[in-house]
Amino acid sequence: MASTSWRQKGRDLFSSFEADIQLLNRAKDTRDLPPAHDAFDSASALLTAIRDSDIDREDFAQLGYSCADVCRALERGLDGTPTDELSPSVFRAIEHLTTTVTKIQKKVVKRGKQSAASRMLNTKKDKDAIAAWRQELNGILQIFNTELLINNHIMLVDILRNARDDREGTNRLHQSAQAIVPVGELPPPPPWACFGRDTLIENIAGLADNLESFALIGAGGIGKTSIALAILHHDRIKDRFGDNRRFIRCDQFPPSRIHLLARLSKVIGAGVENPEDLARLRSFLASREMILLLDNAESILDPQGPEAREMYAVVEELSRFSNICLGITSRISTVPPRCKRPAIPTLSTESACEIFYGIHDTGERSEIISDLVGRLEFHALSITLLATAASHNMWSYKRLAKEWETQRARVLRTDYNESLAAAIELSLASPTFRKLGADARELLGVVAFYPQGIDENNLDWLFPTIPEINTIFDKFCLLSLTSRRNEVITMLAPIRDHLGPQDPRSSPLLCSTKDHYFRRLSTQIYPKDPGFRKGEWIKSEDVNVEHLLNVFIPTGSDDVWNACARFLEHLYWFKKRPVSLAAAIEKLPDDHDLKPKCLYHLSRSFQSIGDFVEEKRLLSHALELWRKGGDNEYVAETLKCLSYTNRRLNLLEEGIQQLKEASEIYKWLGDTGQQAECLIYLARLLLRGGQLDAAEEAVTSAIESLPEKGEEYRVCQAHRTLGDIFNLKGEKGNAIRQYEIALKIASTFNWPTELFLIHYSLAHLFYGQGEFDKALVHIEQAKSHAAEDKYRLGSVMAMQARIWYLQRRFEDATSEVLRAIEIFEKLGAATKLVMCRGILGDIEQAIQILSGGEIL
1 MASTSWRQKG
11 RDLFSSFEAD
21 IQLLNRAKDT
31 RDLPPAHDAF
41 DSASALLTAI
51 RDSDIDREDF
61 AQLGYSCADV
71 CRALERGLDG
81 TPTDELSPSV
91 FRAIEHLTTT
101 VTKIQKKVVK
111 RGKQSAASRM
121 LNTKKDKDAI
131 AAWRQELNGI
141 LQIFNTELLI
151 NNHIMLVDIL
161 RNARDDREGT
171 NRLHQSAQAI
181 VPVGELPPPP
191 PWACFGRDTL
201 IENIAGLADN
211 LESFALIGAG
221 GIGKTSIALA
231 ILHHDRIKDR
241 FGDNRRFIRC
251 DQFPPSRIHL
261 LARLSKVIGA
271 GVENPEDLAR
281 LRSFLASREM
291 ILLLDNAESI
301 LDPQGPEARE
311 MYAVVEELSR
321 FSNICLGITS
331 RISTVPPRCK
341 RPAIPTLSTE
351 SACEIFYGIH
361 DTGERSEIIS
371 DLVGRLEFHA
381 LSITLLATAA
391 SHNMWSYKRL
401 AKEWETQRAR
411 VLRTDYNESL
421 AAAIELSLAS
431 PTFRKLGADA
441 RELLGVVAFY
451 PQGIDENNLD
461 WLFPTIPEIN
471 TIFDKFCLLS
481 LTSRRNEVIT
491 MLAPIRDHLG
501 PQDPRSSPLL
511 CSTKDHYFRR
521 LSTQIYPKDP
531 GFRKGEWIKS
541 EDVNVEHLLN
551 VFIPTGSDDV
561 WNACARFLEH
571 LYWFKKRPVS
581 LAAAIEKLPD
591 DHDLKPKCLY
601 HLSRSFQSIG
611 DFVEEKRLLS
621 HALELWRKGG
631 DNEYVAETLK
641 CLSYTNRRLN
651 LLEEGIQQLK
661 EASEIYKWLG
671 DTGQQAECLI
681 YLARLLLRGG
691 QLDAAEEAVT
701 SAIESLPEKG
711 EEYRVCQAHR
721 TLGDIFNLKG
731 EKGNAIRQYE
741 IALKIASTFN
751 WPTELFLIHY
761 SLAHLFYGQG
771 EFDKALVHIE
781 QAKSHAAEDK
791 YRLGSVMAMQ
801 ARIWYLQRRF
811 EDATSEVLRA
821 IEIFEKLGAA
831 TKLVMCRGIL
841 GDIEQAIQIL
851 SGGEIL
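The UniProt record's numbering puts the first residue of the sequence shown at 1, with every later residue one more than the last.
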């Protein structure tokens, strides 16, 4: 080439220039493409100006030969290529070449007209300008060379296509393959299966179709790479990008800018060896539309890694190319802001099972597998490893379940040592994680231990000694080791199994969180106390506390058993539900100081599910132990609770006797408040048994013994109970006066339960008198105070339906009673269901009679 011959000593400048000028003139005369004609014409003019001028021609001659090199590349690129197949980037480059060369030619002519002294003064300036112009020309040369590679590649594709139909094409392929090298690397083959991801893949294919960049972010093993490869082999993507589908595994080269750029250059086929920056690849990258996927990009995007800023800058610039769809898979969330982040949804049970059966299929489907994939939280890698282990060992499903229960870690390891542990440890080896300090691994163990995760609003009191605790947990989420949902930090089950402490009781940090939980449980809770509602924190932490208790109960320490009793008490008031602690409590020896207390509170959990027989058994056991211990106060309290249970079991006489005994004990203890409470509940049992005079006497004694201030709650209960007694006696005026006294007190202190009961009683009273409008007013008030108690809400709705039925508002009545039935069906309240279905039957019968023209 001319530029090479120029560097040979003794070569005649003018003869070489003459050859280049003649070449340019021939190209100008033989090309009918106007932009190319102008480019060749301007280049010929430049070389002529350099040849004929009286300037320092050595520097300018170098520039002339650079110009000639560009034109030669353009000539080769145009040779055999139809004009309509030239890319827009070629036309832009030709126009840029013409403009640049014309500008340089004018500068050369101007310099030639200057005096020798002026030219000497401008020598340094000329050298800088020439260097800049040559760099500009080299950029244009790169575009033309790139187009030449593309045209060669297209020619190879055409030959391959023709070879399928033309046997002689084999000879042409053989002849051409020696000179043509395919551009870049095609992606790896698609995954063998990608169950349950069709919608996600279609959505991302839509993004790629619009050249929008995207990032798949999440924990290791959820299937990010499989999704990415499925996208690259999607029919729409292959049609859209053809062979310009690129895939780079970022964990297969050292994390540095130089290695990233070198791998990028090789994969896209730019042909640039060891580029030091992206500038040398820009023209190639801009020359075609492509989809470029960076897999396992956490290796280069970790903000604490070496050269992190430089590598992020490269990736960020790639996301800004308008002709490139950049795809990223990463465990770390520090991706360029232009990347859309489609969520990777949890696999369905069906899809998770398909993954398993695709690897290990015995010809039958089993609930065992559905259960196992659910316990793995549908984690794709874990399911694959589980199925692979079962396949390699030829386990039956039952054997697999048995192995899973005994040694989970071994089951999730294949014969090829592809274990889940390796995938997790990769994240723990990242620079960002290592920089978090010595507590980070143990903190993850604490998160793994608690099945509900950790409420991020509780971080300060759970980990008071660890500085910047919120920042540390933010980094866990950034690394996809944890996830955040509704302000709760959680962890996938397979990751929990790996990171959870082997012996939780020996983890100092976990023991510290235990102490903080127990301290919160130690607070006394009474419904009438102003701070009663503070105990509601247990609603979102109950599963964590119960798990904590189950793990630490074997230590047998008193603080654990105290916490157990307090926990059951919190559940009774704020989240009634069954518990898993019953067996451990009953195994305590009877002489253990805390056993009766735990039995007492455990009984209430059975009350919450309607098992009154079991509630009575536990209370009776607790009563026996407290009698033996001589704890009269607890004896009285348990007798009182037993009376409530016997009332529910319709054992009224037994309940009456227990309340009378409890009342005498409180009298002997000098506790007038508790004595009055026993008298109030005694009155209610007597009321239920039809002993109205005895009931009135008992509740009147309670009112007389209670002070006006300090015992407002019991005073309120007493007046409501007296109102119920007068109502049953038919003394409606006295009943209303008692209800109004109770209502005034309850409204002052805003007690929802009492407000509900008073309005419900008044609704019953007016309903019985046929004053339906007044009854409906109190029903609406009762409903507003029963929102959290579905049983009470259903009861009020049933009464409202009955009144609307009597008012012949059949449509409203039907709708309301159906809602009540739905509530009672969920609660399993058989008696209430019978009542509601009776109301519904009455309504349907009334409608039938009316439709037949009969009068009700």
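Every residue, glycine too, gets a C-beta built ideally from N, C-alpha and C.
Query: Residue burial classification, W804 (beta-carbon count within 10 angstroms, cutoff 16); Result: buried
Query: Residue ranges of each alpha helix (DSSP H) within the stretch 743-818, 4 or longer; Result: 752-768, 772-784, 790-806
Query: Start and end residues, beta strand (DSSP E) containing L292; Result: 290-295
Query: Whole-angstrom distance between E487 and C477, CA atom to CA atom; Result: 12 Å
Query: Identity of the residue in D789, A775, F810, S299 nearest M799 by Cα; Result: A775
Query: Any alpha helix (DSSP H) of 4 or more consecutive residues that is wholly inside the stretch 177-261; Result: 198-209, 224-232, 235-241
Query: K127 in three-state terms, based on DSSP; Result: helix
Query: F532 at chain D interface by Cβ criterion, 7 Å; Result: In the structure shown, chain D does not exist; there is a single protein chain.
Query: Straight-line gap, Q22 to K110 (C-alpha atoms, nearest Å); Result: 24 Å
Query: Cα-Cα separation, F810 to M835; Result: 17 Å
Query: Three-way DSSP call (helix, strand, coil) for R320 in this model; Result: coil
Query: DSSP state of V108 mapped onto helix, strand, coil; Result: helix
Query: Alpha-carbon spacing of S299 relative to L293, whole angstroms; Result: 14 Å
Query: Distance between R441 and G269 (C-alpha atoms, nearest Å); Result: 42 Å
Query: Paired residues, beta bridge with K732 - DSSP; Result: Paired residues: none, contrary to the question.
Query: Sequence-distant residues of its chain with Cβ nearer than 8 Å to A49 (five each side left out); Result: Q105, V108, V109, G112
Query: Alpha-carbon spacing of S370 relative to M394, whole angstroms; Result: 19 Å
Query: Nearest-angstrom Cα separation, counted from G445 out to R485; Result: 19 Å
Query: Buried versus exposed, by CB contacts within 10 Å (16 or more), H392; Result: exposed
Query: Cβ-based burial, E276 [other Cβ within 10 Å; buried from 16]; Result: exposed
Query: Within the stretch 516-593, ranges of the beta strand (DSSP E) (whole runs, at least 3 residues); Result: none
Query: Per-residue DSSP class, three states only, for I466; Result: coil
Query: Cβ-based burial, N727 [other Cβ within 10 Å; buried from 16]; Result: buried
Query: S213 beta carbon less than 7 Å from that of R338; Result: yes
Query: Beta strand (DSSP E) segment containing R505, residue limits; Result: It is not in any beta strand (DSSP E) - R505 carries neither H nor E in the DSSP assignment.
Query: Residue of I258, R257, L260, C194 minimising C-alpha distance to H234; Result: C194
Query: Cβ pair L301, T334 closer than 7 Å; Result: yes
Query: Three-way DSSP call (helix, strand, coil) for T432 in this model; Result: helix
Query: Contact between the stretch 249-267 and the stretch 202-221 (3+ Cβ pairs under 8 Å); Result: no
Query: Per-residue DSSP class, three states only, for R331; Result: coil
Query: Reduced DSSP secondary structure (H/G/I, E/B, other) of L173; Result: Confidence at L173 is low in this model, with a pLDDT of 44, below 50, so the placement of that residue should be treated as unreliable; the coordinate-derived value is given next. Here L173 sits in helix by DSSP.
Query: S795 versus V817, L806, Q807, residue with shortest Cα-Cα distance; Result: V817
Query: DSSP-derived helix/strand/coil call for T384; Result: helix
Query: Reduced DSSP secondary structure (H/G/I, E/B, other) of R484; Result: strand
Query: Other residues of its chain near A448: CB distance less than 6 Å, five sequence neighbours each side excluded; Result: M491, R496, L499, G500
Query: Closest residue to N734 among G723, K744, L743 (Cα-Cα distance); Result: G723
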